[in-house]
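Enquirer: Residue numbers (the numbering used here): 5 to 160.
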């Protein structure tokens, strides 16, 4: 019995070790965080990933994901009775796809959603509430987000 247990544990250790050595990235040009350079990614390295997050294809994917969740919820009979985690996730996804270059979080509790973080301008700030209310199950939206102060361009 001890030999079998030892064999199982060592096999599990080998599998987990090989999984930790994976270097998968979200995009082909994403910064390689496995390198031990100690430097943060530059704006040029992350810029294309941000553009990808705000692209029309990404918006369509997010909206399709939200529709699929809503359809799945409709089948189970809970059209507007949504879990807090689902609401938070769907609102966050909707905002991410429709408001580029923002830093927002969404927390839902019994249909009440609180959105905090920063946006680039007043136009984005005013779009938060209507976008969040597009998600089924959202009853109220409290926008605690602020406009981020302008950051001087260090490249000049």
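Glycine included, each C-beta is placed from N, C-alpha and C at the ideal position.
Taking just the CA atoms, how far does residue 144 sit from residue 39?
Expert: As a working note, residue 39 is residue 35 in the chain shown. As a working note, residue 144 is residue 140 in the chain shown. Bear in mind that a pLDDT of 49 at residue 39, under 50, signals an unreliable position, so the number given afterwards is only what the model happens to contain. So the two alpha carbons sit approximately 44 Å from each other.
Enquirer: Please report how far the alpha carbon of residue 95 lies from the alpha carbon of residue 152, in whole angstroms.
Expert: Taking the first residue of the chain shown as position 1, residue 95 is located at position 91. Taking the first residue of the chain shown as position 1, residue 152 is located at position 148. So the two alpha carbons sit approximately 20 Å from each other.
Enquirer: Let me check one thing: in DSSP terms, what residues is residue 120 bridge-paired to?
Expert: Sequence index remark: in the chain shown, residue 120 carries index 116 (1-based). Residue 120 pairs with 109.
Enquirer: Cα separation between residue 148 and residue 121?
Expert: The count along the chain shown starts at 1 and reaches residue 148 at position 144. The count along the chain shown starts at 1 and reaches residue 121 at position 117. Roughly 7 Å between the two C-alpha positions.
Enquirer: Leaving out five residues on either side along the sequence, give the residues of the same chain with a beta carbon under 7 Å from the beta carbon of residue 133.
Expert: As a working note, residue 133 is residue 129 in the chain shown. Only 145, 147 meet the Cβ criterion.
Enquirer: Can you tell me the Cβ-Cβ gap for residue 128 and residue 106, rounded? I've got them flagged as a contact below 8 Å.
Expert: Position 124 of the chain shown, counted from the start, is the residue given in the question as residue 128. Position 102 of the chain shown, counted from the start, is the residue given in the question as residue 106. Sure, about 6 Å apart at Cβ, within 8 Å.
Enquirer: Can you tell me the Cα-Cα spacing of residue 28 and residue 102, whole angstroms?
Expert: As a first step, residue 28 is located in the chain shown; it is residue number 24 there, counting from the start. As a first step, residue 102 is located in the chain shown; it is residue number 98 there, counting from the start. Note that residue 28 scores a pLDDT of 49, beneath 50, so its modelled location is shaky; the value from the coordinates is reported in the next line. Roughly 26 Å separates the two Cα atoms.
Enquirer: Using 8 Å for Cβ pairs, my map puts residue 141 next to residue 76. What's the rounded Cβ distance?
Expert: Within the chain shown, the letter at position 137 stands for residue 141. Within the chain shown, the letter at position 72 stands for residue 76. At roughly 13 Å, the Cβ-Cβ gap does not stay under 8 Å, so residue 141 and residue 76 are not in contact.
Enquirer: The beta strand (DSSP E) that contains residue 125, what's its start and end?
Expert: Residue 125 sits at position 121 when you count from the first residue of the chain shown. Premise fails: residue 125 is in no beta strand (DSSP E) and is neither H nor E.
Enquirer: Using CA atoms only, rank isn't needed, just tell me which of 117, 15, 100, 114 is closest to residue 62.
Expert: On the chain shown, position 58 is the one that residue 62 refers to. Answer by Cα proximity: 100.
Enquirer: Measuring only the C-alpha atoms, how far is residue 21 from residue 138?
Expert: If you number the chain shown from 1, residue 21 lands on position 17. If you number the chain shown from 1, residue 138 lands on position 134. The alpha-carbon atoms of residue 21 and residue 138 are separated by roughly 43 Å.
Enquirer: Across which residues does DSSP place residue 144 in a beta bridge pair?
Expert: Your numbering for residue 144 matches position 140 in the chain shown. DSSP lists 116 as partners of residue 144.
Enquirer: To which residues does DSSP link residue 150 through a beta bridge?
Expert: Position 146 of the chain shown, counted from the first residue, corresponds to residue 150. According to DSSP, residue 150 bridges with 122.
Enquirer: Would you call residue 89 buried or exposed, if buried means 16 or more other Cβ atoms sit within 10 Å of its Cβ?
Expert: The sequence position of residue 89 within the chain shown is 85, counting from 1. Answer is exposed; the Cβ neighbour count stays below 16.
Enquirer: Taking DSSP as the reference, what is the three-state secondary structure of residue 7?
Expert: Taking the chain shown and counting its residues from 1, one reaches residue 7 at position 3. Helix, per DSSP.
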